[in-house]
Amino acid sequence: MLNNCKTGEYDSLAIGRGLSPDRLQRFFDVKSPGRWVVKAPIKSRVEFRSFNLLDSYASLGKFDIVFCRNVLIYFSAEVKKDILLRIHGTLKPGGYLFLGASEALNGLPDHYQMVQCSPGIIYKAK
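With the working numbering, you'll find the sequence shown wraps up at 162, consecutive numbering, no jumps.
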């Protein structure tokens, strides 16, 4: 999955999931008919890493955005809460956490603020 993300390439189906024509033009180049690639200046600012969520977060540093999609559903409520608290510790003030559509933050109102986005929800670190 990380290798797919690193390429920054998307097909018409992926692009059609809510990306406005303005954003498509601003952030993507046409690679071939029906395929787009994230523009190089944007791609160069993104880092992808594989990481075990149960390991120490001490060496990770601080992030503007963390994507943790469709992973937490496999953990118990207690472990999930621990992971979400540790992710919070890696977010810069006002940083954002993206979860999967079937995942939600429960019991952490002091740490995250829910932000309604069309069509979904993201969480902002307090």
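Cβ atoms here follow ideal geometry from the backbone N, Cα and C, with glycine treated the same way. Bear in mind the structure is a predicted one, so any value in this text is a computation, not a measurement.
Going by C-alpha positions, I123 is about 18 Å away from S138. Beta bridge pairing from DSSP links A161 with Y148. Nearest Cα to F99 within the set E83, N106, S112: E83.
Here L49 is exposed: its Cβ has fewer than 16 other Cβ atoms, across all protein chains shown, within 10 Å. Distances from the alpha-carbon of L135 to those of R62, E45, M150 put M150 closest.
DSSP places Y110 in the helix class (H, G or I) of the three-state scheme. Excluding residues up to 5 positions away in sequence, W72 lie with their Cβ nearer than 7 Å to the Cβ of V66 in the same chain.
Pairing L133 with I158 gives a Cβ-Cβ distance under 8 Å.
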